[in-house]
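To start, the structure under review is shown below, and the notes come after it.
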Amino acid sequence: MPASSSAIPSSAATLASASTSSATTAFAHQQPQPTTHYRITLRRSAIGLPEKTSRVLESLGLRKRLQSIYRPQRPEIAGSILKVKELLHVDNVRRIDLAPEDALLPDEEARWVDAKGEVIDWGKDCRKAPRGFKVVGSRIDL
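First residue of the sequence shown: 1, per UniProt numbering; consecutive thereafter.
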């Protein structure tokens, strides 16, 4: 049996390498950007715990249960999180600025996505309560 019959034809090998390189190129464009901040949510209260625990939560800026804050990924923030890790839920997120004026927004009003690119927080505009109801008629006007 000749060696060329068991080998892959050159046109098929070229096609396979071309599809692999195009897939690699397409994947390179879709890689997520690294996260830059922690989204820290207070899940449990510090009532009944030592005063030091309450001071750590206060230094992070957490006051109420289910309150979320955003802090940059730095060693001192990570150390504070580890001291009270039983009380917190932490996500790694990054800020997205869709418009140039979004860069001027404080962290509480910005839009945030996680490492997968899924939106975590749509910002302050989406948290606003809808405007009041419009009164169309009244039963008093009989």
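Every residue, glycine too, gets a C-beta built ideally from N, C-alpha and C.
{"query": "Endpoints, alpha helix (DSSP H) assigned at Arg55", "result": "51 to 60"}
{"query": "Which residues DSSP lists as bridging Thr36, in chain order", "result": "The partner list for Thr36 (beta bridge, DSSP) is empty, contrary to what the question assumes."}
{"query": "C-alpha distance - His89 paired with Asp97, whole-angstrom precision", "result": "25 Å"}
{"query": "The alpha helix (DSSP H) enclosing Ile81, as first and last residue numbers", "result": "75 to 83"}
{"query": "For Glu118 and Arg71, the rounded distance between their alpha carbons", "result": "19 Å"}
{"query": "Pro100, DSSP secondary structure in three states", "result": "helix"}
{"query": "Identified DSSP bridge partners for Leu66", "result": "Its beta-bridge partners do not exist; DSSP assigns none."}
{"query": "Cβ pair Ala115, Thr35 closer than 7 Å", "result": "yes"}
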